[in-house]
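> Sharing a structure here in structure tokens format.
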Amino acid sequence: MESKVVTQELSAYFGDVHAVKGVDISVPRNAITAIIGPSGCGKSTLIRCMNRMHEVVKGSRVEGKVFLDGEDIYAPGSDAVEVRRKVGMVFQKPNPFPTMSIYDNVVAGLRLNGERDWKKLDETVERSLKLAALWDEVKGQLDASGVSISGGQQQRLCIARALAVQPEVLLLDEPCSALDPIATAKIEDLLFDLKDKYTIIIVTHNMQQAARISDYTAFMYMGELIEFGVTKELFEMPKKELTEKYITGRFG
Amino acid sequence: MRGYKLRKRIDTIASLLAIGCVLAALVPLVSILWEVVSNGVAVLSWDFLTNRTATGIGNAILGSLQLVMYASFMGLPVGILTGIYISEFGSNKVGSTVRFFNDVMANFPSIVVGLLVYAAIVAYLNVGFSIVAGSAALAIIMIPIVASTTEESLKMVPNSLREGALALGVPRWKTVMKVVLSNGRSGVITGALLAIARSAGETAPLILTALFSTFWTTSLTEPTAALPTLIFNYAMGNSQLTVDEAMRQAWGAALVLIILVLSLNVSVRLLSVRRFKKRGKEAKTWRAKLSLRS
């Protein structure tokens, strides 16, 4: 397996709180990697270090290295804005821009960065919405507000928005936690289709979800990476006792 | 159940007290409105609104509009940018210092603002009593109001939207200008209108800066009449009119001023009501479906 995102001795802090403790992980290319673990174990913080969104929070700090295709995204001279164009992110709560139409939401990343070619924007809207399996549901109301659609549709709109800037990696921070099972299933199907083109890292609370969709799974506990491996092996034959306890529901 | 009757009684008493307080607060408001309308409405006529001082207040209306307009040109951009800075970039020492001085400025007695502008522009720069000086004084009064309403309304914009934009690789300043500001827009506009309404009614800073004039003002460096200073001068007997005539015209001018300020306030109301009704319903239709019919 070829690695897309590699972290080395990665630590992340919120003020004095040490949220991620020396994590080394090599995330494989064109696969779905799930990160599981109990609440507050640092899963979200870990992926937020991978697109430099952790540093947006006041008082936060990152130590160690994160390599994207072998390049350290925290090296001096590395531009956070450039990194985020390559590493897209979908958040826990759908967050379409309320003052923008569905159309403008999808191409927000392009338009806010100065893209004015309508033909290109039109194509991007259609392609991204089709990738996010939302096109058929919204094609007749592209000028409606981004928040006029249902929660599940909003989340797929956010995925389309992230895909529109053509990232290489897609980070998803518990994207289904605010959604019903049908909407969740739609998003899972969609991620499955996307993995040929993208490297997907998904944080989830839901172990069944991790088992269903991911190729690799990482288990985190108290800020540390406890175990990382092929999903099937991790769930059927965990190497660490802690992992076994967690996946069998004895804590967490 | 023993306490039920007692609770019920306390509830009734508290409600009555609250209603009583509301009525007490309404008394001055209603009586002022009543006095102004009943005394002023007979004075209103086309000639009164368009003639210059002595037979009308046209030059004062124009003066007020000019003062407020130029003050807005100066004060609103500075105030809005200050608010944006405090809200979006102000989580540091500079930001809290700016916020502190902004609060201090908001509570400055407006006569002191007038004195400052008098000293700086009228006297030191030797511009003299003028529209320039008057609108500078009004601008200084507007800035802290606009800055703090802008800050408040931008703080209301959920952080998830900022993160959403940043995560798309949008630079911070563009995130602020295009996403945060557009979501807090109606609050910013509300603040601007309130500041305009407030400055339109200011008298004290104008006495020392715009002074007064009985003529149509033709230049920015001339003194000008304004509605509040006209009312002040007429009521104080500083005019060539008879006392009765001066009072009559002052009531008329007061009515015009109140109508102007109230209509600004009402439009603020309508604007904020519309904001809540429309939220989630409509969006900018930058562009309809055009080539996008599947």
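Residue numbers (this note's numbering), protein chains in the order written: chain V, -14 to 237; chain E, 20 to 313. We put the beta carbon where it would ideally sit given N, CA and C, even for glycine. Just so it is clear, the structure is predicted and the values come from calculations on it, not from any experiment.
#1: Pick from 260/E, 271/E, 86/E: whose alpha carbon is nearest that of residue 233/E?
#2: Return the residues of the stretch 183 to 201 of chain E that lie within a Cβ-Cβ distance of less than 8 Å from chain V, sorted by chain order.
#3: Tell me whether residue 228/E is buried or exposed, calling it buried when 16 or more other Cβ atoms sit within 10 Å of its Cβ.
#4: Looking at chain V, is there any beta carbon in it that lies within less than 8 Å of the beta carbon of residue 173/E?
#5: Since residue 43/V meets chain E, which of its residues come closer than 7 Å, beta carbon to beta carbon?
#6: Once the 5 residues before and after residue 150/V are set aside, which same chain residues still bring their CB inside 6 Å of it?
#7: Any idea what DSSP makes of residue 211/V, helix, strand or coil?
#8: Residue 211/V to residue 122/V, Cα distance in whole Å?
#9: Going along chain E, which residues have a C-beta under 9 Å from residue 69/V?
#10: Count Cβ pairs between the stretch 183 to 194 of chain V and the stretch 153 to 163 of chain V that sit closer than 8 Å; are there 3 or more?
#11: Is the beta carbon of residue 186/E sitting closer than 8 Å to the one on residue 192/V?
#12: Quick one: residues in its chain with C-beta nearer than 6 Å to the C-beta of residue 162/E, no 5 flanking neighbours on either side, listed in chain order?
#13: Using the beta-carbon count (16 or more within 10 Å), is residue 237/E buried or exposed?
#14: Check each residue of the stretch 222 to 242 of chain E: if its Cβ is closer than 7 Å to any Cβ of chain V, include it; give the result in chain order.
#15: Taking CB distances under 8 Å as the criterion, tell me whether residue 179/E reaches chain V.
#16: Compile a chain-ordered list of the residues in the stretch 130 to 153 of chain V whose CB is closer than 9 Å to at least one CB of chain E.
#17: At the level of alpha carbons, what is the spacing between residue 136/E and residue 201/E?
#18: What residue from 244/E, 106/E, 133/E, 246/E has the CA that sits closest to residue 121/E's CA?
#19: Apart from the five residues on each side of it in sequence, which residues of its chain come closer than 6 Å, Cβ to Cβ, to residue 49/V?
#20: With a cut-off of 8 Å on the beta carbons, I'd call residue 87/E and residue 215/E a contact; round off their distance for me.
#21: Tell me the rounded alpha-carbon separation between residue 216/V and residue 227/V.
#22: Under a three-way DSSP split, which group does residue 110/E fall into?
#23: Which residues bound the alpha helix (DSSP H) around residue 180/E?
#24: For residue 53/V and chain E, any beta-carbon pair shorter than 8 Å?
#25: Three or more C-beta pairs closer than 8 Å, one from the stretch 123 to 131 of chain E and one from the stretch 188 to 204 of chain E: is that the case here?
#26: Looking at the unbroken alpha helix (DSSP H) that takes in residue 204/E, where does it start and where does it end?
#27: Measuring only the C-alpha atoms, how far is residue 128/V from residue 178/V?
#28: Below 8 Å on C-beta distance, what does residue 78/V contact in chain A?
#29: Identify the continuous beta strand (DSSP E) that holds residue 135/E and give its terminal residues.
#30: Taking all protein chains shown into account, decide if residue 235/V is buried (16 or more other Cβ within 10 angstroms of its Cβ) or exposed.
#31: Let me know if residue 51/E comes out buried or exposed under the rule of 16 or more other beta-carbons within 10 Å of its beta-carbon.
#32: Does the beta carbon of residue 170/E fall short of 7 Å from some heavy atom of the ligand FAD?
#33: Note down, one range per segment and in chain order, each beta strand (DSSP E) of at least 3 residues found wholly within the stretch 3 to 58 of chain V.
#34: Using the beta-carbon of each residue, which ones in chain E are nearer than 9 Å to residue 239/V?
Walking through what the data contain:
#1: 260/E
#2: 183, 184, 185, 186, 187, 188, 189, 190, 193, 194, 197, 198, 201
#3: In this structure residue 228/E is buried. Its beta-carbon is surrounded by 16 or more other beta-carbon atoms within 10 angstroms.
#4: No - not a single Cβ of chain V is within 8 Å of the one on residue 173/E.
#5: 110
#6: Hits under 6 Å: 70, 94.
#7: In this structure, residue 211/V counts as strand in the three-state DSSP scheme.
#8: 41 Å
#9: Ordered by position in chain E, the residues that pass the 9 Å Cβ test against residue 69/V are 185, 186, 187, 188, 189.
#10: yes
#11: no
#12: 94, 97, 98
#13: exposed
#14: none
#15: yes
#16: Listed by position, the residues of the stretch 130 to 153 of chain V near chain E (Cβ gap below 9 Å) are 130, 131, 132, 133, 143, 146, 147, 149, 150, 152.
#17: 34 Å
#18: 106/E
#19: -7, -6, -5, -4
#20: Yes, they are in contact, since the Cβ atoms of residue 87/E and residue 215/E sit about 6 Å apart, within 8 Å.
#21: 16 Å
#22: coil
#23: 178 to 186
#24: no
#25: no
#26: 204 to 219
#27: 27 Å
#28: Of the protein chains in the structure, V and E, none is chain A.
#29: Where residue 135/E is concerned, there is no enclosing beta strand (DSSP E), although the alpha helix (DSSP H) it sits in stretches over 129 to 136.
#30: exposed
#31: exposed
#32: Absence of the ligand FAD from the depicted structure is noted, as is the absence of any ligand whatsoever, leaving it without description.
#33: 17 to 21, 45 to 53
#34: Within the shown structure, residues of chain V are numbered from -14 to 237, placing residue 239/V beyond reach of any answer.
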